[in-house]
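Colleague: Residues in the sequence shown are numbered from 141 upward in steps of one, following the working numbering.
Heads up, the beta-carbon is just placed ideally off N, CA and C, and yes, glycines get one too.
Predicted, not measured: the structure shown is a model, and the values here were computed from it.
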Amino acid sequence: MNKMTSAELRAAFLEFFRQRGHTIEPSSSLVPGNDPTLLFTNAGMVQFKDVFLGREHRDFSTAATSQRCVRAGGKHNDLENVGYTARHHTFFEMLGNFSFGDYFKKEAIHYAWEFLTKAMAIPTEKLWVTVYAEDHEAEAIWLEDVGINPERFSRIATKDNFWSMGDVGPCGPCTEIFYDHGEHIAGGPPGSPEEDGDRYIEIWNLVFMQYDRSADGTLTPLPKPSVDTGMGLERIAAVLQGVHSNYEIDLFQKLLNAAAALAKTDDLANSSLRVIADHIRSCAFLITDGVMPSNEGRGYVLRRIIRRAIRHGYRLGILDVFFYKLVAPLVAEMGVAYPELQNAQAQVERVLKKEEERFAETLGQGMKVLEACVAKLDGTVIPGDTVFQLYDTYGFPVDLTADFAREHQLTVDYDGFDTAMAAQRDRARSASSFGADYDQDIKLDSQTEFTGYGQLDDEVHIVALYQQGQPVESLGAGVEGVVVLDKTPFYAESGGQVGDCGQLLVGDAVFAVADTQKQGGTLFLHKGKVVSGTLTVGQLCAAKVSAEQRKATELNHSATHLLHAALRQTLGDHVAQKGSLVNPERLRFDFSHFEPVTPEQIATLEQLVNAQIRLNQPVTAQVMAKDEAVKAGAMALFGEKYGAEVRVLKIGDFSTELCGGTHVERAGDIGCFKIISETGVAAGVRRIEAVTGAGCLAWLAEREQVLNSIAGLLKSAPDKAAEKVEQLLEKARNLEKQLERLNAKLASSAGDELGNQAVDVAGMKVLAVKLDNVDSKSLRDMVDQLKNKLGSAAVVLAVVEGDKVSLAAGVTKDKMAQIKAGDLVNFVATQVGGKGGGRPDMAMAGGNNPAALAGALQGVVAWVEGQLGV
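1. Just list the residues that DSSP pairs P313 with in beta bridges.
2. Please confirm if the segment 228–244 is in contact with the segment 150–170, defined as three or more CB-CB distances below 8 Å between the two stretches.
3. Determine the extent of the beta strand (DSSP E) in which Q659 is found, giving its start and end residues.
4. Does DSSP put V622 in a helix, in a strand, or in coil?
5. Could you name the residues of the same chain whose beta carbon sits closer than 6 Å to that of D285, not counting the 5 residues immediately before and after it, in chain order?
6. From E688 to H601, what distance separates their C-alpha atoms?
7. Pair every Cβ in the segment 141–155 with every Cβ in the segment 396–410, then say whether three or more of these pairs are closer than 8 Å.
8. Using DSSP's beta-bridge definition, name the partner residues of K814.
9. Give me, in chain order, the residues of the same chain whose beta-carbon lies closer than 7 Å to that of F557; leave out the 5 immediate sequence neighbours on both sides.
10. Quick check: the Cα distance between D460 and G453, rounded to an integer number of angstroms?
11. Look up Y478 in the DSSP assignment and say whether it is helix, strand or coil.
12. Give the straight-line distance between the Cα atoms of R546 and E511, rounded to the nearest whole angstrom.
13. Using the C-alpha atoms, what's the distance from S366 back to F192?
14. Exposed or buried, what is N988 when buried is set at 16 or more other beta-carbons lying within 10 Å of its beta-carbon?
15. How far does the beta strand (DSSP E) with S332 in it extend, from its first residue to its last?
16. Suppose the cutoff is 6 Å on Cβ atoms and the five residues either side in sequence are ignored; what does the same chain contact list for G660 look like?
17. Count the other CB atoms, across all protein chains shown, that sit within 10 Å of the CB of K905; report buried if there are 16 or more and exposed otherwise.
18. Put Y243 into one of helix, strand or coil per three-state DSSP.
19. How about I296: is its C-beta nearer than 8 Å to some C-beta of chain D?
20. For G931, count neighbouring C-beta atoms within 10 Å of its own C-beta (all shown protein chains included) and say buried if the count is 16 or more, exposed if not.
21. Using the Cα positions of M764 and V786, report the straight-line distance between them to the nearest angstrom.
22. Does the distance from the C-beta atom of V441 to that of L179 stay below 8 Å?
23. So, is N182 buried or exposed, given that buried needs 16 or more other C-beta atoms within 10 angstroms?
24. Express the C-alpha separation of N750 and L702 in angstroms, rounding to a whole number.
25. Report the partner residues of E589 according to the DSSP bridge assignment.
26. Cα separation between L492 and F651?
27. In this structure, how does DSSP classify D338 when only helix, strand and coil are distinguished?
28. Name the DSSP bridge partner or partners of T270?
29. Out of curiosity, what's the CA-to-CA distance linking G173 and Q187?
30. Quick one: is N435 buried, meaning 16 or more other Cβ sit within 10 Å of its Cβ, or exposed?
31. Where does A938 land, buried or exposed, given buried means 16+ other C-beta within 10 angstroms?
32. Determine the DSSP secondary structure at A152, reduced to helix, strand or coil.
33. Spatial neighbours of M956 within its chain, please: C-beta separation below 8 Å, excluding the five flanking residues on both sides.
34. Which residues does DSSP pair with P606 in a beta bridge?
35. With DSSP collapsed to three states, give me the class of A545.
36. Report the residue from G642, P858, L707 whose alpha carbon sits nearest the alpha carbon of L596.
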């Protein structure tokens, strides 16, 4: 066999298929851009799903990829097994070759066999092949054409060898290739009773999309059958490197050694080290793709993975922040293959470090609670209320507690946890919000030509009409529907820019377009309502875009590009777009940055953008090859889908980005630019909202009017208003200080009178009274004064302000062994609907039931007597 590193194997696979006419596509983002039913990209075919379904057309018919995948949430979740088995990972790479109606079974089988037995030189006697029992075509190719050994061949009748995208839709048989690790490992060949052993490991699965399954189960042959294959990089690397566990391959060994150095151990087989080595890969790449730790959805899964790694570090005795230190070794190992990881290294390290510091504050306490529970456990089940306490108080995801339970041969009371968690269950299940019904998509084998870059109206033909998702031949007055055209000047929502609105005109028929959306990248859907007349399929109509709204949107879109460039200049190259919204009213731009943008930086951003507007440089667009565009400096938004050719948008020499949106002709058309807000929307993600053009002037005029109103109230010129406000604030601060001094004097004199109301209890003065016309801030000082005046004493003072009760209690040092101020104040507070606490000599509390105060204070003397045993 050809012994290769993981990097060499990845390159060899892609080169093998490049030489056979395949287009090499880069790995798509771990956040699926075309499949809301998935939490993460979990297979190589995800980025091509719309191509397989016929909703999207690419300029190639065969492709090969090395796709980054995550399986750690939702249906595809390997998290609990990671670290304890040889081949489960949260993150893995899937090598795959694809045919979209090009070659089929024969070529796919030959390619796979040639790559394994010739390019990789794996002995044929080490391989085992399976086919779906009813797929006689694939069986004949293997046995008669390729000529494999029939004794190393299985027919599988179960669904394991028949793939489907869902209950309905594309599906077809599979053929799988297994590697035999040898007789010294337990297990039998696939299809045998002993197949669950570890001897035979699946390394490559070839899926033949051959049928379209209807709701009643009928299989109809597809007009263009396709091929989808997947081979785990880590698994085939283990084969070529002569090891049985994926964790023994070169890629993992380097990460394990880095983690072991931090843990000061040389036991690379330690399951906790394996968890950490696996988890740094998924965490780093998820953050690179814009996922940030949070309490919902994808961010919640990322937080679970990070915390699981930190807990295993704690288990290894690593008490300092450590996880982020493994980003550099990971970049050294995978940065060449995935430059986006290398570019995001600093950001990934910041995010992980901050998240770890946050969790480290409670990890030690949470572990003590968990260990104490286990120490006194009567049985082998960790109670659900303990699991919930760990989750709610210390941020322990349930699987983290379950992980600990497994290590100690215990189980978790999930039912008890669910009961305790009922009030928060919706948040814990937020991942289930990722859903879509693909059956409701418009199924039309058509493409729409976009003509709206240079014009806002066009003569077009109606290709199809839809009412409530169903195709119709016509739409009458008052009916809402969707119109599909052969070409259109209407821009469909994409890249953050909202879809155009306007009108479609056919004689006396008017269709008001309220929105334009895109399906599958090439089909434009004009959504709206027939205002008058009737629209019919096949008619020639005039398409007219609302010029006012399009032009206002273009101002904001072009300003977004200038803002992006200004942010990178001002804050650093780690800034990357994480989302945007561009409409006629304003622009919204989300970007990666881990702290608030300062007022000084905001001013710099505005200066940079407005300087470019004044320069009035031309805005140009050029279509070129994607690789050529990126080499020329065009910024590509990672996670966006681009074809082989891309549109490069340049604003002078200041901004160069890949963008399919519509823009102004010159930067000066934007007019002016003003940032109106800067906020945080997630950990590591900030949001800027801004206005341009007429919207900017209106915003400034409104603020000027507010300033003039304030100046009028101050009887000052607008440019002197800030100085006048500062004078008033300083005067107010001085008056507050004078008031505090007066209150202190009043409290002192009141203390002399209050002391006379104290009751003697066994030689101790006890005072519990409600005060009138006293600021609650003065209570602590008054208690101290009364303690000094009374000598040996216990004092409770109360003030009522509206429906709020404020309490202060004090006990002199000679009585603290018998009475604690915290206990005393809580005796009163619990009766007035509150609670409090503090030191043994001084404690504060509050409540919200003034009506019960009098009775509570009357009971203080009896309470003190009880404490003293009188």
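Modeller: Result, derived from the coordinates:
1. The residue given as residue 313 occupies position 173 in the sequence shown. Partner(s): F302.
2. yes
3. Taking the sequence shown and counting its residues from 1, the one referred to as residue 659 is at position 519. Unbroken beta strand (DSSP E) run through Q659: 649–659.
4. As a first step, residue 622 is located in the sequence shown; it is residue number 482 there, counting from the start. Residue state, collapsed to three classes: strand.
5. The residue labelled residue 285 in the question sits at position 145 within the sequence shown. Contacts found: none.
6. What you label residue 688 is simply residue 548 of the sequence shown in a count that begins at 1. What you label residue 601 is simply residue 461 of the sequence shown in a count that begins at 1. Straight-line Cα distance between these residues: approximately 24 Å.
7. no
8. The sequence position of residue 814 within the sequence shown is 674, counting from 1. DSSP, once it has assigned bridges, lists V831 as partnering K814.
9. Taking the first residue of the sequence shown as 1, we reach residue 557 at position 417. Once the five neighbours on either side are set aside, the close Cβ partners of F557 are G524, V527, F528, V538.
10. The residue given as residue 460 occupies position 320 in the sequence shown. The residue given as residue 453 occupies position 313 in the sequence shown. Cα to Cα, D460 sits roughly 9 Å from G453.
11. Here the question's residue 478 lines up with position 338 in the sequence shown. In the structure shown, Y478 sits in coil (DSSP, three-state: anything other than H, G, I, E or B).
12. Reading the sequence shown from its first residue, position 406 is the one you call residue 546. Reading the sequence shown from its first residue, position 371 is the one you call residue 511. Going by the C-alpha atoms only, they are around 13 Å apart.
13. Start at 1 with the first residue of the sequence shown, and residue 192 comes out as number 52. Start at 1 with the first residue of the sequence shown, and residue 366 comes out as number 226. For F192 and S366, the distance between alpha carbons rounds to 7 Å.
14. Counting from one through the sequence shown, the residue named residue 988 turns up at place 848. Exposed, by the Cβ-count rule.
15. Residue numbering aside, residue 332 sits at position 192 when the sequence shown is read from its first letter. Neither: S332 is in no beta strand (DSSP E) and is coded neither H nor E.
16. By one-based count along the sequence shown, residue 660 stands at place 520. Once the five neighbours on either side are set aside, the close Cβ partners of G660 are D190, R195, E196.
17. Numbered from 1 along the sequence shown, position 765 holds the residue referred to as residue 905. The residue in question, K905, is buried, as its Cβ has 16 or more Cβ neighbours within 10 Å.
18. Along the sequence shown, read from residue 1 onward, the residue named residue 243 stands at position 103. Note: Y243 maps to coil in three-state DSSP.
19. Here chain D cannot be found, since the structure has a single protein chain.
20. Along the sequence shown, one-based indexing puts residue 931 at 791. By the neighbour-count rule (16 or more Cβ atoms within 10 Å), G931 is not buried but exposed.
21. Taking the sequence shown and counting its residues from 1, the one referred to as residue 764 is at position 624. Taking the sequence shown and counting its residues from 1, the one referred to as residue 786 is at position 646. Each residue's Cα considered, the two are about 6 Å apart.
22. As a working mapping, residue 441 is identified with position 301 in the sequence shown. As a working mapping, residue 179 is identified with position 39 in the sequence shown. Yes, these two residues count as a Cβ contact at 8 Å.
23. Position 42 of the sequence shown, counting from 1, holds the residue named residue 182. Counting Cβ neighbours within 10 Å, N182 comes out buried, since at least 16 surround it.
24. In the sequence shown, the residue the question calls residue 702 occupies position 562. In the sequence shown, the residue the question calls residue 750 occupies position 610. Cα-Cα distance, rounded: 9 Å.
25. The count along the sequence shown starts at 1 and reaches residue 589 at position 449. Answer is K627.
26. Position 352 of the sequence shown holds residue 492. Position 511 of the sequence shown holds residue 651. The straight-line gap from Cα to Cα measures roughly 52 Å.
27. Start at 1 with the first residue of the sequence shown, and residue 338 comes out as number 198. It is coil, neither helix nor strand.
28. Position 130 of the sequence shown, counting from 1, holds the residue named residue 270. DSSP output for T270 lists S294, E316 as bridge partner(s).
29. Residue numbering aside, residue 173 sits at position 33 when the sequence shown is read from its first letter. Residue numbering aside, residue 187 sits at position 47 when the sequence shown is read from its first letter. Approximately 8 Å, taken between the alpha carbons.
30. On the sequence shown, position 295 is the one that residue 435 refers to. Counting Cβ neighbours within 10 Å, N435 comes out exposed, since fewer than 16 surround it.
31. Here residue 938 corresponds to residue number 798 of the sequence shown, with the count starting at 1. Per the 10 Å Cβ criterion, buried.
32. Within the sequence shown, numbered from 1, the residue matching residue 152 stands at position 12. A152 falls in the helix class under three-state DSSP.
33. The residue you call residue 956 lines up with position 816 of the sequence shown. Taken in chain order, the residues that qualify are P980, D981.
34. Here residue 606 corresponds to residue number 466 of the sequence shown, with the count starting at 1. In the sequence under discussion, the amino acid at residue 606 is Tyr, which differs from the Pro named in the question. The partner list for Y606 (beta bridge, DSSP) reads P611, V622.
35. Your numbering for residue 545 matches position 405 in the sequence shown. Looking at A545 - three-state DSSP - the assignment turns out to be helix.
36. Start at 1 with the first residue of the sequence shown, and residue 596 comes out as number 456. L596 has its Cα closest to that of G642, out of G642, P858, L707.
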